[in-house]
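Colleague: For reference, each letter of the sequence shown is one residue, going -11 to 311 in the numbering used here.
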Amino acid sequence: MARPDIWTTYSQKLYDWINQKYSSLMYGGLSEDEYYACLQFYETEIQMVSVITSGDSLLLQLDEVKELRELLETEEWLNSPNTLIELRFQQSRSEKENGNAGSDIATKVIAETAKAELSELEEIIPSAKKKFTVPQSVKNRIQKSIQEMSTTNELKVAIVGSSGSGKTTIRAAIEGKKRTVRHHKGFGATISVAKLPRGESTNEKVKIFLIELDSGRQNEVARKGFYKSADKLMIVLDSSEEEDLYFFQQILREIREVNAGEKPCLVVLNKVDKKRKIKKKQLEKLISQVSAGRSPLFSQLLILETTMKKPKTIERIKAFLTA
């Protein structure tokens, strides 16, 4: 019988594997293309494990899941986890190169989940009530946001950060609030407005749209759209979480893919009062790699190593926004 923590263990071994790949990249032992192929495999496997552990017993009956589960119960897995992960990676790469999309386990898992959820809904929801109508009040609010966002003389700032990095706390502090409770997950973003003074010696205020973007992979399209429409970018990272380094890579790639660079960007390396696992030099190296052989990714870049416990943190962020 499989160990109770079989999927947790596999997730941890996957993380150790991709961390080793990243170290090889940093020391020149692995090309950037090779590393990104490894990273894509890692993200797919983690997504698959996440869906499987959602508690749906139907997913555990998939042939691919059974095969992986049997693999994780073998003595070979316990003795050489990296070897078997490497074999799965090479097998996955070979199947993609041969156009064998049917072997994509993550796709099958998600498809089965959607099928089960649809079947359940059809049983409990009468057909006459299946059609959903958006309330007029919601339509009005969305329309108002679109009209405000289309005003060209207002500053728009896209704020992206991983869950728990502190981006919501920072946005609320910019607005002058202790916390924020407005969050529209289905929309992919939370939009609010702040009016900040432009410098200390003037009464002029700048109206700023603060667009906090959801970090989930399913919201990548929405994020890219906001990168392009924003005037400035802000990336918030948790310096105590090594996973945020991979998140930072992902965001840089998204920005480059939609040619949304060449804009002022503030990177807030938050929570430096904790045990740090990410440092400024690592971020600079990643930016340099993404920009290699091409125009600079940002027209202006400021990396702020700080913590929200410092009184001047928000003032420095506001200064960047209104400059």
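Just so you know, even glycine gets a beta-carbon here, dropped at the ideal spot from N, CA and C.
Which whole-angstrom value describes the C-beta separation of Pro225 and Ser153, a residue pair presumed to lie in contact below a C-beta threshold of 8 angstroms?
Modeller: The question names Pro, but residue 225 in the sequence shown is Leu. About 6 angstroms separates the two Cβ atoms, so the contact holds.
Colleague: Leu233 to Asn191, Cα distance in whole Å?
Modeller: Rounded to whole angstroms, Leu233 to Asn191 spans 40 angstroms at the Cα level.
Colleague: Quick check on this structure: which residue in Lys155, Phe77, Glu52 and Asp51 has the alpha carbon closest to the alpha carbon of Ile6?
Modeller: Nearest option by C-alpha distance: Phe77.
Colleague: Determine, using beta carbons only, whether Ser287 and Glu242 come nearer to each other than 7 angstroms.
Modeller: No, the Cβ-Cβ distance between Ser287 and Glu242 is not below 7 angstroms.
Colleague: Quick one: measure Cβ to Cβ for Lys312 and Ile147, integer angstroms, because I've assumed they're closer than 8 angstroms.
Modeller: Residue 312 lies beyond the stretch modelled for the chain, which goes from -11 to 311, so this question has no answer here.
Colleague: Determine the closest residue to Arg264 out of Glu142, Ser228 and Thr62, with distance taken between C-alpha atoms.
Modeller: When each option's Cα is compared against that of Arg264, the closest is Ser228.
Colleague: Look at the alpha carbon of Met36 and the alpha carbon of Lys183, and state the distance between them as a whole number of angstroms.
Modeller: Whole-angstrom Cα-Cα distance: 43 angstroms.
Colleague: Per DSSP, what kind of secondary structure is Thr168 in: helix, strand or coil?
Modeller: Reliability of the predicted coordinates at Thr168 is poor, the pLDDT of 43 falling under 50, and the value obtained from them is presented with this limitation in mind. Of the three classes helix, strand and coil, the one that applies to Thr168 here is coil, per DSSP.
Colleague: Compute the Euclidean distance between the alpha carbons of Val126 and Ala177, then round it to the nearest angstrom.
Modeller: With a pLDDT of only 49 at Val126, under 50, the local geometry of the prediction cannot be trusted, and the value read off the model is given with reservation. One C-alpha to the other measures close to 15 angstroms.
Colleague: Closest to Asn258 by CA distance: which of Gln270, Ser180, Met296 and Leu290 is it?
Modeller: Closest by alpha carbon: Met296.
Colleague: What residues in its chain sit with their C-beta under 7 angstroms from that of Tyr3, if we drop five residues either side in the sequence?
Modeller: Counting only Cβ-Cβ distances below 7 angstroms, and skipping sequence neighbours, we find nothing.
Colleague: Is it buried or exposed, Glu303, if we count other Cβ atoms within 10 angstroms and call 16 or more buried?
Modeller: Result: exposed.
Colleague: Using 8 angstroms for Cβ pairs, my map puts Ile324 next to Lys268. What's the rounded Cβ distance?
Modeller: It is not possible to answer for residue 324, since the shown part of the chain is limited to -11 through 311.
Colleague: Is Pro252 closer than 7 angstroms to Lys220 when the C-beta atoms are compared?
Modeller: Yes.
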